[in-house]
Amino acid sequence: MLLMLAGPEAVPPTFLNRPGASAALLDRETAMCRVIATGPAATIDGRQLTPAVPEALPRAIEPVRSSTDACMIARGWRRFVLSSGERRALARMSAARRMRTLAALRSARQPAMGRLVDAGKPILRSPSAPD
-1 MLLMLAGPEA
9 VPPTFLNRPG
19 ASAALLDRET
29 AMCRVIATGP
39 AATIDGRQLT
49 PAVPEALPRA
59 IEPVRSSTDA
69 CMIARGWRRF
79 VLSSGERRAL
89 ARMSAARRMR
99 TLAALRSARQ
109 PAMGRLVDAG
119 KPILRSPSAP
129 D
């Protein structure tokens, strides 16, 4: 019974996906986008124009796109939302199996769970792409 109460809250309502992505890549790009999205704007001589944006945002069933999400989408990631049933199924899994399943969802070309809610064409040029 305790698992049912804590279960869905232990599983994120959304996940980011990019085919072939590793956990290390997700962590690195998320950290970079958080800095971009929450860092204070400054003038060229270093004077701060705006305060940093706090990271705490209210939770929602289908969260709106945050600045960090917008940055990740621009970098080629897609955001999927999990249904209540999918979240319950993930919560019932052992921690190791849940981590493997979430890793597979993160890197799959077509994730087996979730509904695509946010995707777009990457707007940042890849260094390996021709001009």
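-1 is the number of the first residue of the sequence shown in our numbering; add one for each residue after it.
Idealized CB from N, CA, C, for every residue including glycine.
Predicted model, so just to flag it, every value in this text is computed and none were measured.
Below 7 Å CB to CB, which residues in the same chain sit around Pro109 once its five sequence neighbours on both sides are set aside?
Asn15, Phe78 and Leu103
Just how far apart, CA to CA, sit Ser65 and Ser82?
25 Å
Can you tell me whether DSSP reads Val9 as helix, strand or coil?
coil
Same chain only: Cβ atoms within 8 Å of Val33, ignoring 5 sequence neighbours per side:
none
Around the Cβ of Met70, are there at least 16 other Cβ atoms within 10 angstroms (buried) or fewer (exposed)?
buried
Can you give the Cα-Cα distance for Glu84 and Thr12, rounded to whole angstroms?
11 Å
So for Leu88, helix, strand or coil by DSSP?
helix
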